[in-house]
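Participant:
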Amino acid sequence: MRVFLKQLRPAALILLVMIVICGVIYTGVMTGVVSLIFPQQAKGSIITITLKDGTKKDFGSELIAQKFTEPKYLIGRPMTVSNLGPASDAQKKLVAERVQWLRSLDPGNTAPIPADLVTASGSGVDPSISPAAADWQVARIARERGLSEAAVRATIKRYTTGRLAGFIGEPAVNVLKVNLALDGLL
Amino acid sequence: MSTVIFQDIFFLALLIALAIPLGLYIHQVMDGQKTFMTPVLAPVERLIYRVIGARPDDEMKPKRYAFAVLAFSLVGFLFLFVLLLIQGILPLNPQHLRGVNWHLAFNTTASFISNTNWQAYAGETTLSYLSQSLGLTVQNFVSAAVGISVLFVLIRGFIRHEKETVGNFWADLTRVTLYVLIPLAVIVTVLIASQGVVQTLAPAHTSTTLQSASTVTTHLGPAASQVAIKQLGTNGGGFFGANSAFPLENPTAFSNFIEMFSLLIIPAALCFTFGKAVKDAKQGHTLITVMVVLFVAALAIITISEHSLAPHYAGVIASGNMEGKEVVNGVGASSLWGASTTAASNGAVNATPDSFTALGGMMMMFLMQLGEIVFGGVGSGLYGMIAFVMLTVFIAGLMVGRTPEYLGKKIGPFDMKMVCAMILAPPLLTLIGTAAATLAPGAASWLNNTGAHGFSELLYAFTSMANNNGSAFAGMHTNTAFTNLTGGVIMLLVRFIPIVATIFLAGNLSKKKIVASSEGTLSTSNLTFAGLLIAIILIIGALSFLPSLSLGPIADFFTRL
């Protein structure tokens, strides 16, 4: 026990030192460095747009999904975190409801729906959908906005990122940026 | 599928390629040799020794070393516990969060002291920036450094002979933190921040949405610096509730790759440190081979299950199980992360394990249930693996009727007792915890899924805590007094029983002579031995967990066929 008590003093002192080094200095210096070299990313990649009247307006983070339900917009993934087993009855019911809702926006489209559009992400705010899920919505958006499908496709393509180096991760379409562009803001 | 396979192969090849130089560098740090960082860091190191009044060459006997580890963890525990309780009246709390309730504070503290980082909390709505940086970030560093220090002690047990001492804990802790963890964390912070992981002390940002002009909140904070060490130190506790599935914690394919890579690099490197230290590189190669074989097998099962065994929904393209996964990661990178985070005792997630297919989720559970030794936690994974090596040597010795020895050290009864404590603590605590939770009143109301999958949630929770992993089938409501308290105690026991056993094992080995190997010595660096080791690991894991896995994921799989 005496051996143990004798360790308490250096233990407390080294903890203090570590709090200063790893908690204060490391966190502080990293905050400074990152704010300096990546100011936009450090503060949440907020999309700020200068409007026609010259005022600036925030449209939220490009990395956080927003809810889109109107047919003229590109619609993103369901914004919940279910934690349900993929084969559970509750999950099957949810997916069926989402399928039905998407089809009600575009009754003529009978093509099967890409899976990411009717399943929830892990974060509930996935900013992206797959290129296939965007493609499934092109005809509807073009019709609603009186644009050509080619124009809608071109906008989607502009905000699509490919796999890193061709094989890491998956291609993704940023839903918010596409919609800002469709509205003529971006 | 072919890009996914290519991604996996590239990941593993790069991992091994960079683990070798890092492992050799860590060996220099362990030995107190000069490294390329010495000119910068040596003055800081000396200053630390002066402040705490310790000498790095003041060699400790096992008892003193163990007490130093426990004393350091105790003061760390008290500091973090109090910090969480009183964060409401402290600065750097722009969201005006209140103090954490006592049982959640106990659980979170136990979890970070023990390098588990189980998340009963949701960072953005529970913890102030002060608690995150002075509390969690600091424990992310030092709990990782404790694990690596204890591994150094065990390695010294093999290379020393007729000595009573095993090193100086304060020096080990300081060197690992300064020379290994901080430089790597700085690199990773900058890399992931470039992708959009936030790093600011500014309060959460609110703006209006495009379609309906309703409010959308962007939670901010000093996240990148904490996420870097959370991955590198096999900690895994997220800055945000959704962990690395949350876009501001892991926004792109590149950040995902870096974070995934960070969580395996140190455990992989330590295998080479070990080989270098015992002056027999092949010993390290054998261990990493065994780890890679088990890892690849589990990864293949998870990937195939997520890719091909996903349920088919009417009117939906069958393209793998995307429930709970981010588009940018897809099935491939989510499966690779799932295998990595449970093989290492990291526990960070980039998708929700609860929504994995039954067999995919089962393999993640089984990787933990093997005792977190397939890579495992930083330091703790390798000392756990060495315990299995000694058990294998012992069993092989019994079969051929020779005194078992490993690296020239004869293995005696005391050594085997310590090995048993190291190997048996995790499965025993997993099963006791699961059984207690199953019998607890109201347990069914904590569950999100029903039937066999509901039991899987309970089993996963206690598997994760009793192996210091920290990931969860997160649908389960875990922030209850019962799970917070039992889980907290289990995390502490399963961390410190093996640590104390490892230190005393090292002390006992250090006293022994090194015997020259003869023709009759069992080789521990050939493929036969690697095969035997894999068999022992799988047998212990399967014997301990087949019954409970049958009630959970296996039943889940068959009932949904």
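Chains as they are written, first to last, in my numbering: chain A, 1 to 186; chain B, 1001 to 1561. Where is the CB? At the ideal position from N, CA and C, for every residue including glycine. Computed from a predicted structure; not experimentally measured.
1) Please state whether DSSP places A:T160 in a helix, a strand or coil.
2) If you measure from the beta carbon of B:Q1007 to each beta carbon in chain A, is any gap under 8 Å?
3) In whole angstroms, what separates the C-alpha of B:D1111 from that of B:E1372?
4) Once the 5 residues before and after B:S1523 are set aside, which same chain residues still bring their CB inside 7 Å of it?
5) Go through its chain and collect everything with a Cβ distance to B:D974's Cβ below 7 Å, but skip five positions before and after it.
6) Mind listing the chain A neighbours of B:S1355? Cutoff is C-beta to C-beta under 7 Å, in chain order.
7) Which term fits B:R1156, buried or exposed, when burial requires 16 or more other beta carbons within 10 angstroms of its beta carbon?
8) Spell out whether any CB of chain A is found under 8 Å from the CB atom of B:W1170.
9) Taking A:R140 as the reference, give the member of A:L63, A:L105 and A:V178 with the closest Cα.
10) What residues in its chain sit with their C-beta under 7 Å from that of B:I1536, if we drop five residues either side in the sequence?
11) Could you check whether the Cβ of A:G122 sits closer than 8 Å to any Cβ belonging to chain B?
12) So, A:R145 versus A:L182, is the Cβ gap smaller than 8 Å?
13) Pick helix, strand or coil for B:E1332, following the three-state DSSP scheme.
14) With a threshold of 8 Å between beta-carbons, can A:T119 be considered close to chain B, or not?
15) Tell me, please, whether the CB atom of A:N179 is closer than 8 Å to any CB atom in chain B?
16) Is the CB of B:P1039 under 8 Å away from at least one CB in chain A?
17) Any chance you could list the beta strand (DSSP E) runs of at least 3 consecutive residues sitting entirely within the stretch 1505-1549 of chain B, in chain order?
18) Let me know the secondary structure DSSP gives B:E1405 once reduced to three states.
19) Counting only C-beta atoms, is B:H1613 closer than 8 Å to chain A at any point?
20) Would you kindly report the start and end of the unbroken alpha helix (DSSP H) that includes B:S1305?
21) Are the stretch 1490-1510 of chain B and the stretch 1447-1459 of chain B in contact at 8 Å, needing three or more beta carbon pairs?
22) Decide if the stretch 1123-1138 of chain B is in contact with the stretch 14-29 of chain A; the criterion is three or more beta carbon pairs, one per stretch, under 8 Å apart.
23) Per DSSP, which residues does B:G1167 bridge with? Please list them.
24) Short of 6 Å in beta carbon distance, which residues of its chain neighbour A:D58, apart from the five on each side in sequence? Order them along the chain.
25) Would you call the CB atoms of B:L1210 and A:L180 closer than 8 Å?
26) Which residues share a DSSP beta bridge with B:T1206?
27) Can you give the Cα-Cα distance for B:S1510 and B:I1554, rounded to whole angstroms?
28) Under 8 Å, CB to CB, which of the residues in the stretch 1545-1556 of chain B have a partner in chain A?
29) Spell out whether any CB of chain A is found under 8 Å from the CB atom of B:K1325.
30) Could you give the residue range of the beta strand (DSSP E) that holds A:G172?
31) 8 Å is my cut-off, CB to CB: does B:N1115 come that close to chain A?
32) Check whether the Cβ of A:A192 lies closer than 8 Å to any Cβ atom in chain B.
33) Once the 5 residues before and after B:L1134 are set aside, which same chain residues still bring their CB inside 8 Å of it?
34) Measure from the alpha carbon of A:A115 to the alpha carbon of each residue in A:G122, A:I129, A:T160 and A:S123, then state which is nearest.
35) Using DSSP with H/G/I as helix, E/B as strand and the rest coil, what is A:K92?
36) Mapping DSSP to helix, strand and coil, what is B:T1357?
Facilitator: In short, the structure shows the following:
1) In the structure shown, A:T160 sits in a strand (DSSP, three-state: E or B).
2) Interface flag for B:Q1007 against chain A is set, since a Cβ pair is found closer than 8 Å.
3) At residue 1111 of chain B the sequence reads Ser, which differs from the Asp that was named. Each residue's alpha carbon lies about 16 Å from the other.
4) Sequence-distant Cβ neighbours of B:S1523 in its own chain, meaning closer than 7 Å and more than five residues away, are F1529.
5) With chain B running from 1001 to 1561 in the structure shown, residue 974 of chain B is simply not present.
6) Contacts between B:S1355 and chain A, judged by CB atoms closer than 7 Å, involve S82, N83, L84, G85 and P86 in chain order.
7) With at least 16 other beta carbons inside 10 angstroms of its own, B:R1156 counts as buried.
8) Chain A places a beta carbon closer than 8 Å to that of B:W1170, counting this residue as a contact.
9) The option with the nearest alpha carbon to A:R140 is A:L105.
10) Excluding sequence neighbours, B:I1536 sits near F1388, L1391, T1392 and I1395.
11) By this cut-off, A:G122 is an interface position.
12) Less than 8 Å separates the beta-carbon of A:R145 from that of A:L182.
13) The sequence shown places Gly at residue 1332 of chain B, not Glu. The DSSP-derived three-state label of B:G1332 is helix.
14) At a cut-off of 8 Å between C-beta atoms, A:T119 counts as an interface residue with respect to chain B.
15) Taking CB atoms only, A:N179 has a neighbour in chain B less than 8 Å away.
16) Not closer than 8 Å to any Cβ of chain A, the Cβ of B:P1039 fails to qualify, so no.
17) The stretch 1505-1549 of chain B contains no whole beta strand (DSSP E) run of 3 or more residues.
18) Strand.
19) Outside the shown range of chain B (1001 to 1561) lies residue 1613 of chain B, about which nothing can therefore be said.
20) Going by DSSP, B:S1305 is part of the alpha helix (DSSP H) stretching over A1281 to S1308.
21) The answer is no - the stretch 1447-1459 of chain B does not touch the stretch 1490-1510 of chain B, with fewer than three Cβ pairs under 8 Å.
22) At 8 Å Cβ cutoff, the stretches touch.
23) Looking at the DSSP assignment, B:G1167 forms a beta bridge with B:M1060.
24) Result list for A:D58: I46 and T48, in chain order.
25) For B:L1210 and A:L180, yes; Cβs fall inside 8 Å.
26) Bridge partners of B:T1206: B:T1217.
27) For B:S1510 and B:I1554, the gap between their C-alpha atoms comes out near 45 Å.
28) Look at the stretch 1545-1556 of chain B: the residues with a C-beta under 8 Å from a C-beta of chain A are D1556.
29) Yes - at least one Cβ of chain A is within 8 Å of the one on B:K1325.
30) The question names Gly, yet the displayed sequence has Ala at residue 172 of chain A. For A:A172, the uninterrupted beta strand (DSSP E) segment begins and ends at A172 to N174.
31) Using a Cβ-Cβ cut-off of 8 Å, B:N1115 does not count as an interface residue toward chain A, since no Cβ of chain A sits closer than that to its own.
32) Any answer about residue 192 of chain A is impossible in this case: the structure gives chain A only from 1 up to 186.
33) The answer, listed in chain order, is L1083.
34) Residue A:I129 is the option with its Cα nearest to A:A115.
35) DSSP places A:K92 in helix when its eight states are reduced to three.
36) When secondary structure is reduced to three states using DSSP, B:T1357 falls in the coil class, being assigned neither helix nor strand.
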